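Let me begin by presenting the structure, written as C-alpha cells, before commenting on it.
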Amino acid sequence: MPGWGDAGCTRTQSCHPWPLAFLGPRSADPTNQFVMSKRVRQLPQERGSVLFDVIYEDGSRKSNRRVPMEILGGLDGDEPARLLIEEQDAAISQKSGRARSPIQELTRSEIKAPKLVSEER
367 MPGWGDAGCT RTQSCHPWPL AFLGPRSADP TNQFVMSKRV RQLPQERGSV LFDVIYEDGS
427 RKSNRRVPME ILGGLDGDEP ARLLIEEQDA AISQKSGRAR SPIQELTRSE IKAPKLVSEE
487 R
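Mapped onto this note's numbering, the consecutive letters of the sequence shown carry residue numbers 367 to 487.
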C-alpha cells in the first residue's frame, strides 16, 4: 500500500501532527505581520563600577581598571580611584616581586556608542 510506512508524508505535504494553521491567514495589512527588526548592541549594564585607563611614569598603560562607584564622587573626584589602584598595584607587585612604576595619569575609559549588528555573518 502506498503511503503505508511514511504516514502519508510527501515532500509537498507535511506530516507534522500540528500543522502551522494556528498562525492564521496572512493579511495584506503590514501592521498585522511579524517583522524582524535589527538587533542593537546594548551598553553594559550599570553594575556599580567605573573603568579607568592608567598611564604609568615608565610609559606603560593599563586599560579598563575597575573601581567601585561607592568610593568615587564628592569633593575628591577621582582621587580615591588613584589610591585604590595604587593599593592594587602594591599588592600585585608584592606577589610578583616586581616593583610597579608610579601612576602618571589616570583617566576614565571612554564609553563606546552601541552599534547595529550586521545582517551578514
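All C-beta atoms in this analysis are idealised placements derived from N, C-alpha and C, irrespective of residue type, glycine included.
These figures come from a predicted structure and were not determined experimentally.
How many angstroms separate the CA atom of Gly440 from the CA atom of Ile458?
-> 28 Å
Determine the closest residue to Glu471 out of Lys481, Arg464, Gln460, Leu449, with distance taken between C-alpha atoms.
-> Leu449
Would you mind sorting Ala465 into buried or exposed? The rule is 16 or more other CB atoms within 10 Å of its CB.
-> exposed
Out of Glu453, Asp444, Arg432, state which residue places its alpha-carbon closest to the alpha-carbon of Gly414.
-> Arg432
Please determine, among Arg474, Thr473, Ile469, the residue with the shortest C-alpha to C-alpha distance to Ser426.
-> Ile469
On the DSSP bridge assignment, give the partners of Glu471 in chain order.
-> Ile421
Option in Ala447, Lys461, Ser467 with minimal Cα separation from Pro434 | Ala447
Hey, how far is the Cα of Thr473 from the Cα of Asp419?
-> 5 Å
Cβ shell of Ile421 (< 6 Å), same chain only, five flanking positions each side left out = Arg427, Gln470, Glu471
Cα-Cα separation, Asp442 to Ser403 | 45 Å
Does any CB atom of chain B fall closer than 9 Å to the CB of Leu449?
-> Here there is only one protein chain, and chain B is not present.
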